[in-house]
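S.K.: Below is the structure I would like to discuss, written out as structure tokens.
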Amino acid sequence: MVNNKLTVKYLIIGNSAGGIGAVEAIRDIDKTGSIAMISDEPYPTYSRPLISEYLAEKRPIDKISFRPADFYKVNNIQIISGNKVETLDVEKHTAELADGRQIAWEKLLLATGGVPIVPPTPGISKRGVFNFITLDDAKLIDQFLNDADGVVVIGGGLIGVSVTEALLKRNARVTVVEMKDSLLNLILDEEVSTMAKEKLQLAGVEVLTSHTVAEISNTSMNRDTVSSVIMDDGRIILCNAVVVAIGVRPRIELARNSGININRGIVVNRQMETSHPCIYACGDAAESYDFINGDYRLSPIWPNAYMGGRIAGFNMAGIHNEYQGGTSMNSLNYFGLRIASAGTVNPPDNSYEVLKESKGSNYRKVVIKDGVIVGMILTGNTEKAGIYINLMRNKINVEEFKYVLVTEDFGLASIPEELWLPQLSLPSSAEDYSIITAEEPEEILAGE
Amino acid sequence: MKRVYIKEEVCIGCGLCEVYCQLQHSQSKDLVKAFNRETPQPLPRVEVERNGPVSLSLRCQQCLDTPCIYACLTGALSRDTSTGIVNIDEEKCIGCGTCALACPFGAIKQDYERGKAIKCDLCQDEEIPACVANCPNEALVLIEIEEELLNSKPAMISR
Numbered sequence: 108m109v110n111n112k113l114t115v116k117y118l119i120i121g122n123s124a125g126g127i128g129a130v131e132a133i134r135d136i137d138k139t140g141s142i143a144m145i146s147d148e149p150y151p152t153y154s155r156p157l158i159s160e161y162l163a164e165k166r167p168i169d170k171i172s173f174r175p176a177d178f179y180k181v182n183n184i185q186i187i188s189g190n191k192v193e194t195l196d197v198e199k200h201t202a203e204l205a206d207g208r209q210i211a212w213e214k215l216l217l218a219t220g221g222v223p224i225v226p227p228t229p230g231i232s233k234r235g236v237f238n239f240i241t242l243d244d245a246k247l248i249d250q251f252l253n254d255a256d257g258v259v260v261i262g263g264g265l266i267g268v269s270v271t272e273a274l275l276k277r278n279a280r281v282t283v284v285e286m287k288d289s290l291l292n293l294i295l296d297e298e299v300s301t302m303a304k305e306k307l308q309l310a311g312v313e314v315l316t317s318h319t320v321a322e323i324s325n326t327s328m329n330r331d332t333v334s335s336v337i338m339d340d341g342r343i344i345l346c347n348a349v350v351v352a353i354g355v356r357p358r359i360e361l362a363r364n365s366g367i368n369i370n371r372g373i374v375v376n377r378q379m380e381t382s383h384p385c386i387y388a389c390g391d392a393a394e395s396y397d398f399i400n401g402d403y404r405l406s407p408i409w410p411n412a413y414m415g416g417r418i419a420g421f422n423m424a425g426i427h428n429e430y431q432g433g434t435s436m437n438s439l440n441y442f443g444l445r446i447a448s449a450g451t452v453n454p455p456d457n458s459y460e461v462l463k464e465s466k467g468s469n470y471r472k473v474v475i476k477d478g479v480i481v482g483m484i485l486t487g488n489t490e491k492a493g494i495y496i497n498l499m500r501n502k503i504n505v506e507e508f509k510y511v512l513v514t515e516d517f518g519l520a521s522i523p524e525e526l527w528l529p530q531l532s533l534p535s536s537a538e539d540y541s542i543i544t545a546e547e548p549e550e551i552l553a554g555e
Numbered sequence: 107m108k109r110v111y112i113k114e115e116v117c118i119g120c121g122l123c124e125v126y127c128q129l130q131h132s133q134s135k136d137l138v139k140a141f142n143r144e145t146p147q148p149l150p151r152v153e154v155e156r157n158g159p160v161s162l163s164l165r166c167q168q169c170l171d172t173p174c175i176y177a178c179l180t181g182a183l184s185r186d187t188s189t190g191i192v193n194i195d196e197e198k199c200i201g202c203g204t205c206a207l208a209c210p211f212g213a214i215k216q217d218y219e220r221g222k223a224i225k226c227d228l229c230q231d232e233e234i235p236a237c238v239a240n241c242p243n244e245a246l247v248l249i250e251i252e253e254e255l256l257n258s259k260p261a262m263i264s265r
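Top to bottom, those sequences are chains A and B. When we follow this note's numbering, the leftmost residue of the first sequence carries the number 108, and every step to the right adds one. When we follow this note's numbering, the leftmost residue of the second sequence carries the number 107, and every step to the right adds one.
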């Protein structure tokens, strides 16, 4: 019989990037304070981006785990998985789980993530319609899919392209339907989006942009199972399965029901603290600071979730820390096309300056406003992407050297020395370190 | 903690650090094989950047605060707490390049052929990293420093 009442110092709801970021920060500061993590998924923390590898090649769960198997033990974390927080009492600092257990907490993190956006398309609840957010989603598709099946993917964003690549590796015939006029339109410009589209088409994918699925239908005897989709122009595409990959919306019911301030996501400040003291939020569930736009917005990407969680963790452990902010940033390698993108890649008006160069597979574009980089896209060699993002994050005025930003061999040496040399040079105080040199080689003894 | 720093003013941009890094990270440890015959071809984890009179030998700085680890989508990156070296678990790495988005120096390289990120490991098996041992102008310096004395912030480019 489980103990019906648990008391912890830190309660983390969620076991993905944000939750892990938080507990790792907490354990940096507080080695002993009790931590419990709740997850409604029955797995130890795993890398969501790797569910495509699971689907593509059945990569086993221990090979997609986000942390080593002994993570919870080593960090002395009580993990309660396959369970769910049903209600929160933010005044009494308690939570009640689906199985009736009560947990009392001092500090709480809502790292509840997102849920798939499902359009009200007729036929959406038929058998053979899937999401692609969780490992269980990937497992369901895996079990359902037969060789050479036709699959319609609704949504040409990151999730849609990711599942498409995995489905192709499973020998499926894939049609991607994107409502807007280009693929990955939130993170790419027209040029690079066209490159991506061509790569998909080359791999045998049918790409239908500027269209929507009007109805998920069936022409066969089995009325409950998908057998086709009807497009907005009346076209019928035969298929065995549909993957809805439109995106995620914040999972905020728990916060809303508890009276915590909500906008589109949970409202937090730079400490990742919600409207309630002692309650924090991060990741896909929260609206966090964006350093490009200077506002708080949804930013459902993995690294931002981790960092937001990490900052929350420090503050929960009593160390004041402010989130520097994230922005939309992605590094992709789909169908052999390598892309790095960040910030505002499609300037909304002509107050922005755009510089771009294209040489072979290397495309470089930066978007500048008031002397500062606010967006960039690289293709081909993307190793130097972090330098651009660091210039963006620190709002460095690049006016004097902006033309080198789009050169093929851009690197640290391309930008003024004072921006990097101090950090790569020996520490200023010689007393702080000792220089290690090789011992004089010993005389080689003759003989043997 | 061991760290490699550069004396940029004496770096002549010869590129021997790259050559010896590639050799050190080869299977054969044979110069000709490492450059011409090994498959997959070993790659250097250090890079010489040149721009007019400026040249620098760049490698991972093994930052104390590690934006690359925080950004990693798969958990492939981790920091060895005893050596302070940031390691990549190649079994987990999918070569997505998200770590490179996070590195303020652009010091994480990609092995595009194998689809893996690669980076300086300070030649863990060697007393002196190959780049330092073979720099003809002593532009690279290996030091021992207490962790607390390291610059803790990776976001080093400051306003």
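For every residue, glycine included, the Cβ atom is placed at its ideal position computed from N, Cα and C. Treat the numbers as computed from the prediction; the structure is a model and nothing was measured.
Give me the residue from A:K491, A:I261, A:S335 with the minimum Cα distance to L315 of chain A.
M.R.: Closest option to L315 of chain A, Cα to Cα, is A:I261.
S.K.: Spell out whether any CB of chain B is found under 7 Å from the CB atom of M108 of chain A.
M.R.: The pLDDT assigned to M108 of chain A is 44, lower than 50, so where the model puts this residue is not dependable; a value taken from the coordinates is nonetheless given after this. Closer than 7 Å: no.
S.K.: Over the uninterrupted beta strand (DSSP E) stretch that includes W212 of chain A, give me the two end residues.
M.R.: Where W212 of chain A is concerned, the enclosing beta strand (DSSP E) stretches over 209-217.
S.K.: Nearest to L179 of chain B by CA position, among B:T187, B:I191, B:G201, is which residue?
M.R.: Nearest C-alpha to L179 of chain B: B:G201.
S.K.: Quick one: using the 10 Å Cβ neighbour count with 16 as the cut-off for buried, is P260 of chain B buried or exposed?
M.R.: Caution is warranted here: a pLDDT of 41 is assigned to P260 of chain B, below 50, making its placement in the model unreliable, and no coordinate value can be reported.
S.K.: If we count Cβ pairs, one from each stretch, closer than 8 Å, do we get three or more for the region 374-385 of chain A versus the region 146-153 of chain B?
M.R.: Cβ pair count under 8 Å is below three, so no.
S.K.: With a threshold of 7 Å on Cβ separation, who are the neighbours of S365 of chain A within its own chain once the five nearest residues in sequence on each side are excluded?
M.R.: Excluding residues within five positions, the ones whose Cβ falls inside 7 Å are L195, V197.
S.K.: Hey, could you find the ends of the beta strand (DSSP E) Q216 of chain B is sitting in?
M.R.: That run of the beta strand (DSSP E) goes 215-217.
S.K.: With 16 other CB atoms within 10 Å as the buried threshold, where does S536 of chain A fall?
M.R.: Exposed, by the Cβ-count rule.
S.K.: Need the endpoints of the alpha helix (DSSP H) that P410 of chain A sits in, please.
M.R.: Taken as a continuous stretch (DSSP letters only), the alpha helix (DSSP H) holding P410 of chain A covers 409-423.
S.K.: DSSP state of E253 of chain B, grouped into three classes?
M.R.: Of the three classes helix, strand and coil, the one that applies to E253 of chain B here is helix, per DSSP.
S.K.: Against E203 of chain A, what residues of chain B qualify as contacts under a CB-to-CB distance less than 9 Å, listed in chain order?
M.R.: Per Cβ cutoff of 9 Å: no residues; E203 of chain A is ~31 Å from chain B at best.
S.K.: Mapping DSSP to helix, strand and coil, what is Y126 of chain B?
M.R.: In this structure, Y126 of chain B counts as helix in the three-state DSSP scheme.
S.K.: Going straight from the alpha carbon of E490 of chain A to that of K191 of chain A, what length do you get?
M.R.: The alpha-carbon atoms of E490 of chain A and K191 of chain A are separated by roughly 41 Å.
S.K.: Which of helix, strand or coil does DSSP assign to R265 of chain B?
M.R.: Residue placement at R265 of chain B cannot be trusted, given a pLDDT of 29 that sits under 50; what the coordinates show is reported in the next sentence. Coil, per DSSP.
S.K.: If you reduce the DSSP assignment to three classes, tell me which class I186 of chain A lands in.
M.R.: I186 of chain A falls in the strand class under three-state DSSP.
S.K.: For C199 of chain B, which residues of its own chain have a beta-carbon under 6 Å away from its beta-carbon, when the five flanking residues on both sides are left out?
M.R.: Within the same chain, C199 of chain B has close Cβ partners A182, K222, A223.
S.K.: Beta-carbon of L137 of chain B versus every beta-carbon of chain A: anything under 7 Å?
M.R.: So no, L137 of chain B is outside the interface.
S.K.: Beta strand (DSSP E) containing R404 of chain A: first to last residue?
M.R.: Where R404 of chain A is concerned, the enclosing beta strand (DSSP E) stretches over 402-405.
S.K.: Measure the Cβ-Cβ separation of T434 of chain A and G416 of chain A and say whether it is below 7 Å.
M.R.: Going by C-beta atoms, T434 of chain A is not nearer than 7 Å to G416 of chain A.
S.K.: Work out the CA separation of E114 of chain B and N271 of chain A for me, nearest whole Å.
M.R.: Note on identity: in this sequence residue 271 of chain A is Thr, with Asn being the wrong assignment. Using only the alpha carbons, I get a separation of about 47 Å.
S.K.: Secondary structure at G125 of chain A, three-state DSSP: helix, strand or coil?
M.R.: The answer is helix: DSSP assigns G125 of chain A an H, G or I state.
S.K.: Just the Cα atoms here: how many angstroms apart are L252 of chain A and I337 of chain A?
M.R.: So the two alpha carbons sit approximately 21 Å from each other.
S.K.: In chain order, what residues of the same chain have a beta carbon less than 7 Å from the beta carbon of L519 of chain A, not counting five sequence neighbours either side?
M.R.: Taken in chain order, the residues that qualify are I494, W527.
S.K.: Which residue's Cα is closest to the Cα of A218 of chain A: A:D147, A:A321, A:E313?
M.R.: Nearest of A:D147, A:A321, A:E313 to A218 of chain A, Cα basis: A:D147.
S.K.: Would a check of beta-carbon distances place Y441 of chain A closer than 7 Å to chain B?
M.R.: No, because no Cβ of chain B sits closer than 7 Å to the Cβ of Y441 of chain A.
S.K.: Spell out whether any CB of chain A is found under 7 Å from the CB atom of R265 of chain B.
M.R.: Since pLDDT at R265 of chain B reaches only 29, below the 50 mark, its modelled position is unreliable, and no value is offered.
S.K.: Note down, in chain order, each residue of its chain lying with its Cβ closer than 6 Å to the Cβ of V589 of chain A, except the 5 sequence neighbours on either side.
M.R.: Lying outside 108 to 555, the shown extent of chain A, residue 589 of chain A is not represented and no answer is given.
S.K.: Does the beta-carbon of L100 of chain B have 16 or more other beta-carbons within 10 angstroms, so that it is buried, or is it exposed?
M.R.: Beyond the ends of chain B as shown, which are 107 and 265, falls residue 100 of chain B; an answer cannot be given.
S.K.: Is I118 of chain B helix, strand or coil when you go by DSSP?
M.R.: Here I118 of chain B sits in coil by DSSP.
S.K.: If contact means a Cβ-Cβ distance below 8 Å, which residues of the region 518-535 of chain A contact chain B?
M.R.: Those residues of the region 518-535 of chain A that come within reach of chain B (Cβ to Cβ, closer than 8 Å) are G518, L519, A520, S521, E524, L526, W527, L528, P529, Q530, L531, S532, L533, P534.
S.K.: Which first and last residues belong to the beta strand (DSSP E) in which I224 of chain A is found?
M.R.: From DSSP, I224 of chain A is part of no beta strand (DSSP E); its letter is neither H nor E.
S.K.: T514 of chain A to I484 of chain A, Cα distance in whole Å?
M.R.: If you take the alpha carbons of T514 of chain A and I484 of chain A, they lie about 13 Å apart.
S.K.: Verify the CB distance criterion: does N497 of chain A have a CB-CB separation below 7 Å to chain B?
M.R.: Yes, its Cβ sits closer than 7 Å to a Cβ of chain B.
S.K.: So, is the C-beta of S556 of chain A closer than 7 Å to a C-beta in chain B?
M.R.: A question about residue 556 of chain A goes unanswered here, because the residues of chain A that appear run from 108 up to 555.
S.K.: Less than 7 Å between CB atoms is the rule here; does F421 of chain A satisfy it with respect to chain B?
M.R.: Output row for F421 of chain A: interface = no.
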